[in-house]
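First up is the structure itself, then whatever we jot down about it.
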Amino acid sequence: MRRKFLANCHPYRYGFTLIELLMVITVILILSGITFGVSRGVQNAQSRTKARAELATIAQAIEQFKSRYGDYPWHKSGETDTNKTLLYALTGRLVIDDPNPNDGVSNVEALIITDENQIKRNPKFLDETKFTTTEINGETTSLLDPWGNPYMYWYKWDDNPSSYEMFGYHLYSTGAGGNTANNTIKTKINANTGLIANDFRDTANGAGIIFAGE
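Under this note's numbering, the first residue of the sequence shown carries the number -17, and numbering increases by one thereafter.
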């Protein structure tokens, strides 16, 4: 008698249940979040290190400007884009001088130079090509920090220099906070006297700002 043998089949099929799939997806999302957080933290730390190095380079150039002209760069009266002062002064496009030295009146001003030949003759204290910059109509206007925001500089205004009470200047990056941090610090630094409010570091975004020398 011929026997018929059937294949040995298990009644159950092995596979992932819906709960198991959800657990796997959850674990993947958690690991991805941790990896992203670590990567972002490393990137931010690198950016802060780069900002400190660039601030040190700018500060050194500002000291060279002072050695040449007798004071740190002044802001031009009526100027609305004050961070442009910084770049102009360090690249020969702004000087501190008396426009009428023979009139018997001491009237030192921040003079913006437009003559290209004169700019080439003026000393240049900083190589702007080593920085990320903004450009308007083919002209470099600002030095940018690693977050893409202009490095900020505050010192004397040439129409009222005697009102400035600080010994030195303010040079800083707004850090990762960007424009939000900049709005914060503008309310905490008196543009005329240069004094910083005592509660500056207690305000939102204040801790993210990097001053030169920190």
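Don't be surprised by glycine CBs; every beta carbon is placed ideally from N, CA and C.
Contact under 8 Å by Cβ, residue i with residue j
| i | j | result |
| --- | --- | --- |
| residue 154 | residue 176 | no |
| residue 223 | residue 73 | Nothing can be reported for residue 223: it is not among the residues displayed for the chain, which extend from -17 to 196. |
| residue 129 | residue 157 | yes |
| residue 55 | residue 67 | yes |
| residue 90 | residue 80 | yes |
| residue 95 | residue 104 | yes |
| residue 151 | residue 78 | no |
| residue 192 | residue 163 | no |
| residue 92 | residue 69 | no |
| residue 41 | residue 179 | no |
| residue 161 | residue 131 | yes |
Own chain residues within Cβ distance below 6 Å of residue i, not counting five before or after
| i | result |
| --- | --- |
| residue 141 | 59 |
| residue 57 | 64, 67 and 139 |
| residue 174 | 145 |
Cβ neighbours of residue i in the same chain (closer than 8 Å, five flanking residues each side left out)
| i | result |
| --- | --- |
| residue 48 | 54 |
| residue 52 | 78 |
| residue 117 | 123 |
| residue 133 | 36, 37, 40, 65, 68, 124, 125, 126, 127, 153, 154 and 155 |
Residue i at chain B interface by Cβ criterion, 8 Å
| i | result |
| --- | --- |
| residue 190 | Absent from the structure: chain B. Only one protein chain is present. |
Cβ-Cβ separation, residue j to residue i (assumed contact under 8 Å), whole Å
| i | j | result |
| --- | --- | --- |
| residue 168 | residue 182 | That belief does not hold up - the Cβ atoms of residue 168 and residue 182 are roughly 11 Å apart, past 8 Å. |
Cut-off 7 Å between Cβ atoms - residues of its own chain near residue i, not counting five sequence neighbours on either side
| i | result |
| --- | --- |
| residue 50 | 105 |
| residue 115 | 122, 124, 125 and 126 |
| residue 32 | 128 |
| residue 26 | 158 |
| residue 46 | 107 |
| residue 61 | 67 |
Every unbroken alpha helix (DSSP H) within the region 89 to 169, with a cutoff of 4 residues, ordered by chain: 98 to 103 and 160 to 168
Measuring CB atoms only, is the region 28 to 36 touching the region 112 to 128, in the sense that at least three cross pairs come out at less than 8 Å? yes
Give, in chain order, every unbroken run of the alpha helix (DSSP H) that is at least 4 residues long and sits entirely within the region 61 to 87. 65 to 72
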